[in-house]
Structure formats: C-alpha cells, structure tokens
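Written below as structure tokens is the structure these notes are about.
Put into structure tokens, the structure is as follows:
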C-alpha cells in the first residue's frame, strides 16, 4: 500500500473516532435522547448515528430506555449512557498531599482516599505517586469493573497534549513525562491537566458557567490562577499554559513571590498570604476576635461575615487587588460570566463588592459580565479524567 493510501485510511479511522466521540458526548450531556435528536444535533446522517449507537451498545457504553409516549401513543426509544460498567480514577496532586477518587461514568464517587506526599524531588514524587495509585487500585479491586482512565490534575505549567509537566511551584521538575509513566505502569489511557483549567472546564460542563460560551474562572487557594473558556473551548495558548494571573504584578514594592518577582497578586490573594497578613496584624496589636492560634482562611472568612473589622479589611484588600486583575482579564477577553472559586468565597458579601467596585471603575463599560461563585466542589476532581481529556481535545 502506498503512503498516500495509508494516510487516507488513517484519516477515515480518525473521522470515525471523532464521530463516535461526538455521539457519546451528546448522549452523556443530553440523555435520554433519541437517535433522531442525535442526528439533528450532531449533523451526522441517521444511518451513521444508527451504526455508531449500535457499536456503543455492543461495547456496553450506552443503553436504550423507554421514553415517554409520543403524540401517536408509541413509546419512543431513547438512549442514555451506561454508567456502571466502567470506572475512572481522578488524582488531585497538591503541594504536600494527594486525593484519589474512584468514579463511575455518572461521576458518582465510589471510593476516595487522601494520602500524604511529602516528597521533594521529581524522581521520588513520581515513585511515590505511582505506588500510591497502585495501592488505591488494589484497595478498590472489588469495586472496579473496568478501569478505563486515570487523570492527574496539579498546580504548575502543564502541556496536556504531550502529558509533560514543565513546572511545579514547590519542587523542581524538568520535562516530567507523567502520562508516559502512568500509562507504562497501569496500561490504561491517562491524562494530566492543570488544576484550575480543569475546574474551569468542570464549571463549563456541569456547573455555574454551563449556560455561556465565554467565561473566566478565578480560583484563590494555595495559589491564584484563572481558567479561560472562549467559544465553549478551554483556552490554553501556544505551550499549553495561560491564565497565570497570580503572577501579575500588583504591588511593585511588595513581597517577593516564589516565581522571583515582587508584588505578584499571589503574594496578596492566596490562602497562605491572607493568613500571614492577619497574623502580622494580630502581632501588631490590632483588635480582632481572631487569635494567632486560629486564623485559618475559614476562620478569617467567618469573622469577616460577623463584622470583624480586621478580617473584613483583609478580605476587602484582597478583593480590591483581585478586582484590578480581573478587570484586565475582562478588557482582554470580554467574558459573559466570571466565576470566583476557593474558600475565600465564604466571605462573598465582603469580597464581591470590593471586586465589583474595582471592575466598575477599571473595566470597559460595554463589558459587564455576570458574577457568581463556583458550584463544582474544588476539593474533589469531578470528572477530571474527562476534563483533562477536554484540555487535550481543545488544544
């Protein structure tokens, strides 16, 4: 066979895979759905839809169900995804620990475990992470029917297409081929993705921004970052990394950031930075119901909600700097909706007015996005295996 013939066959196979994926995605997101509706929404020929659904049924990925009676009295046959036969593992890799969650295809949590991971080199972290996943799989052996995917989300600079991690904020990594290591060990399809981009996709598919095509999610946690949805697709840029708003300089004479710069947003609007500021103010004698023994981000938000002046001032300070940065993002991307995520949103009645005040004075008047809090639990890697796959598809 000529090289041209091989390429043509390869292209045909790719088209078949993409069509099958499109049909499955429609069933997953809109089921119960009829074959006629699938054909209309996918713009595929009815015969192609019939063939694809037959193959998916044979594989056990979807099933037929009786829908309500039509106007003619005959029950229409609709299709839904089969959620019980397959499982996936989502791994949320933090700076000092990891959370592993086993899901079925409906995103129902089947099992979840939390493990410390104190390793501080790329080699020891990979070894410990792979062993931890193996231990988790072994503990879930009776619950797993067929493991089809593993995904890992983490902070840092991630190339979702190649599965390579370029940078992590707490350890030195050099082109860490994590997906290759995972697939070699576990023999299933694996993905790696940026934690905040994955959360932005989760909100777009299942949460607060699923009703719009253009949105920005800003998350304040151990770091500060943004996930950008543009025209219904995750925006990842040339090398797979955008949205690092935590490293926009907001105070040129501010504290040194771990990136090497001074006065980055992350030195003000991150959980540890907020807690550190409160501790310093308490040590200086400022009155507050907070104490040095209990000034966690949750305690600070709770105190701000109850009218504590020190806590409210700190949250407002964070909100003003977040607002300045978000205004820049609004002027650049003109999103329909801004989603704020993180524990700091517990003090939304103090935080959001400070953010909106800055945006009202610094963003273009013609751009007026809706503000909302995140609805997807950031502590759990909801469908992260699909979301990391979404990063790869949209690259």
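In our numbering, the protein residues as written are 43 to 437.
Beta carbons: idealized from backbone N, C-alpha and C, even for Gly.
>> On the CB-based measure, 16 or more other CB atoms within 10 Å of its CB, does residue 348 come out buried or exposed?
In response: The Cβ neighbour count for residue 348, taken over all protein chains shown within 10 Å, is under 16; the residue is labelled exposed.
>> Which of the three DSSP states is assigned to residue 299 in this structure?
In response: Correct three-state label for residue 299: coil.
> Terminal residues of the continuous alpha helix (DSSP H) containing residue 237?
Replying inline: Annotation: the continuous alpha helix (DSSP H) that includes residue 237 extends over 237-248.
> Should residue 350 be labelled buried (16 or more other beta-carbon atoms within 10 Å of its own) or exposed?
Replying inline: By the neighbour-count rule (16 or more Cβ atoms within 10 Å), residue 350 is buried.
> residue 161 to residue 138, Cα distance in whole Å?
Replying inline: Their Cα atoms are separated by approximately 8 Å.
>> Output needed for residue 246: all residues of its chain with C-beta closer than 7 Å, excluding positions within five of it in sequence on either side, in chain order.
In response: Apart from the 5 residues on each side of it in sequence, residue 246 sits with its Cβ closer than 7 Å to the Cβ of 252, 257 and 271 in its chain, given in chain order.
> Per DSSP, which one or two residues make a beta bridge with residue 141?
Replying inline: Beta-bridge pairing links residue 141 to 134 and 156.
>> Three Cβ pairs or more, each shorter than 8 Å: is that satisfied between the region 381-401 and the region 328-348?
In response: With a cut-off of 8 Å on Cβ pairs, the region 381-401 is in contact with the region 328-348, counting three or more such pairs.
> Quick check: the region 355-373 against the region 233-245, are there 3 or more CB pairs under 8 Å?
Replying inline: Too few Cβ pairs lie closer than 8 Å, so no.
> residue 127: which of 80, 147, 277 and 108 sits nearest, CA to CA?
Replying inline: Of the candidates 80, 147, 277 and 108, the one whose C-alpha sits nearest the C-alpha of residue 127 is 147.
> What separation, rounded to the nearest whole angstrom, lies between the Cα atoms of residue 370 and residue 380?
Replying inline: Straight-line Cα distance between these residues: approximately 12 Å.
> Going by alpha carbons, who is nearest to residue 191 out of 275, 80, 227 and 314?
Replying inline: Selected option, being the one with the closest Cα: 227.
> Which residue spans inside the region 72-100 form an unbroken beta strand (DSSP E) run of at least 3?
Replying inline: Listed in chain order, there is nothing to give.
> Counting Cβ pairs, one atom from each stretch, are 3 or more of them under 8 Å apart for the region 285-294 and the region 262-271?
Replying inline: Note that the region 285-294 touches the region 262-271; at least 3 beta-carbon pairs, one per stretch, sit closer than 8 Å.
> Would you say residue 69 and residue 104 are within 8 Å of each other, going by their C-beta atoms?
Replying inline: Pairing residue 69 with residue 104 gives a Cβ-Cβ distance under 8 Å.
>> Let me check understanding here. Comparing Cα to Cα, which of 412, 327, 405 and 383 lies closest to residue 365?
In response: Of 412, 327, 405 and 383, the residue nearest in Cα terms is 405.
> On the three-state DSSP scale, how would you describe residue 325?
Replying inline: Reduced to three states, the DSSP call for residue 325 is helix.
>> By alpha-carbon positions, which one of 64, 134 and 292 ends up nearest to residue 241?
In response: The shortest C-alpha separation from residue 241 is found at 134.
> In terms of DSSP beta bridges, what is residue 441 paired with?
Replying inline: Coverage of the chain is limited to positions 43 through 437, which leaves residue 441 absent and any answer about it impossible.
> If we call anything under 8 Å between Cβ atoms a contact, is residue 283 one with residue 291?
Replying inline: No, Cβ-Cβ distance for residue 283 and residue 291 is not below 8 Å.
> Is residue 411 buried or exposed, if buried means 16 or more other CB atoms sit within 10 Å of its CB?
Replying inline: Using a 10 angstroms sphere on the CB of residue 411, the tally of other CB atoms reaches 16 or more, which defines it as buried.
>> Can you tell me which residues form a DSSP beta bridge with residue 105?
In response: For residue 105, DSSP records a beta bridge to 122.
>> In the DSSP output, which residue or residues are listed as bridge partners for residue 207?
In response: Residue pairing by DSSP places residue 207 opposite 200 and 218 in a beta bridge.
>> Just to confirm before moving on: does the CB-CB distance between residue 210 and residue 196 stay below 8 Å?
In response: Using a Cβ distance threshold of 8 Å, residue 210 and residue 196 count as a contacting pair.
> With DSSP run on the structure shown, which of helix, strand or coil describes residue 420?
Replying inline: At residue 420 the pLDDT is 42, less than 50, meaning the model places this residue with poor confidence and gives no usable figure here.
> residue 230 by DSSP, collapsed to three states: which one?
Replying inline: Reduced to three states, the DSSP call for residue 230 is coil.
>> Distance check for residue 362 and residue 466, CA to CA, integer angstroms please.
In response: Nothing about residue 466 can be reported from this structure: the residues present for the chain run from 43 to 437 only.
>> Just to confirm before moving on: does the CB-CB distance between residue 141 and residue 129 stay below 8 Å?
In response: Inclusion of residue 141 and residue 129 in the CB contact set at 8 Å is not warranted, their separation being larger than that value.
> Over what stretch of residues does the beta strand (DSSP E) that includes residue 261 continue unbroken?
Replying inline: It spans 257-262 - the beta strand (DSSP E) in which residue 261 sits, taken as one unbroken run.
> Who are residue 269's beta bridge partners in DSSP?
Replying inline: Checking the DSSP bridge columns, you'll see residue 269 partnered with 259.
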